[in-house]
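K.L.:
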Amino acid sequence: GTHNSACFEGSSNPAWQWSRTQQVPIPIQLRMGIRLLDLRVCSSSAGKVVCSHFFETSCSLEQVLREVEEFLRQYPTEVVLIDLRRDTSTSSMQLDPAALR
9 GTHNSACFEG SSNPAWQWSR TQQVPIPIQL RMGIRLLDLR VCSSSAGKVV
59 CSHFFETSCS LEQVLREVEE FLRQYPTEVV LIDLRRDTST SSMQLDPAAL
109 R
């Protein structure tokens with residue numbers, strides 16, 4: 009698996025370079041053979057659930073789940089595990105349960 013799998017692009021904050029953990033997006037990770045995704049999420053200022061690691065990424069949880077679904081449709085014999093956790097390191101630690109619906 010990959011650590012903080014969705015942290016490949018994100019914040020304009022200069023400190024983002026130390027929070028970035030991946031070089032490629034989720035679909036490429038899956039094609040490379042990654043089958044365990046570590047996702048940390050928080051609520052964005054727009055009220056969406058986004059992936060994060062100290063800072064919000066530009067990747068929403070909805071987007072990641074769509075990408076995983078698309079991969080599994082293409083490769084129906086594959087299995088992808090997702091370790092989903094609330095990111096308590098971000099400034100927007102609150103996760104609105106309504107955003108998960």
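Everything in the sequence shown is counted per this note's numbering, starting at 9 for the first residue and increasing by one. Every residue gets a Cβ at the ideal spot worked out from N, C-alpha and C, and that includes glycine. Note that this is a predicted model, so its numbers are computed, not measured.
Could you please give the first and the last residue of the uninterrupted alpha helix (DSSP H) stretch that includes I36?
P.N.:
Annotation: the continuous alpha helix (DSSP H) that includes I36 extends over I34 to R39.
K.L.:
Contact check, V49 vs L89 under 8 Å by CB: the rounded distance?
P.N.:
Rounded to whole angstroms, the Cβ separation of V49 and L89 is 16 Å, and the two are not in contact under 8 Å.
K.L.:
Locate the beta strand (DSSP E) running through V88, then write down its first and last residues.
P.N.:
No beta strand (DSSP E) holds V88; DSSP gives it neither H nor E.
K.L.:
Do the CB positions of P42 and T10 come within less than 7 Å of each other?
P.N.:
Per the sequence presented here, residue 42 reads as Ile, with Pro not at that position. Yes, they are a contact pair.
K.L.:
Suppose you measure from the CA of M101 to the CA of L80; what does that come to, to the nearest Å?
P.N.:
With a pLDDT of 46 at M101, under the threshold of 50, the predicted position of this residue should be treated as unreliable, though the coordinate-derived value follows. The straight-line gap from Cα to Cα measures roughly 31 Å.
K.L.:
Across which residues does DSSP place V72 in a beta bridge pair?
P.N.:
In the DSSP output, where bridge partners are listed per residue, V72 has none listed.
K.L.:
Sorted by chain position, which residues of the same chain lie with C-beta nearer than 7 Å to V87's C-beta, five sequence neighbours on each side aside?
P.N.:
R43
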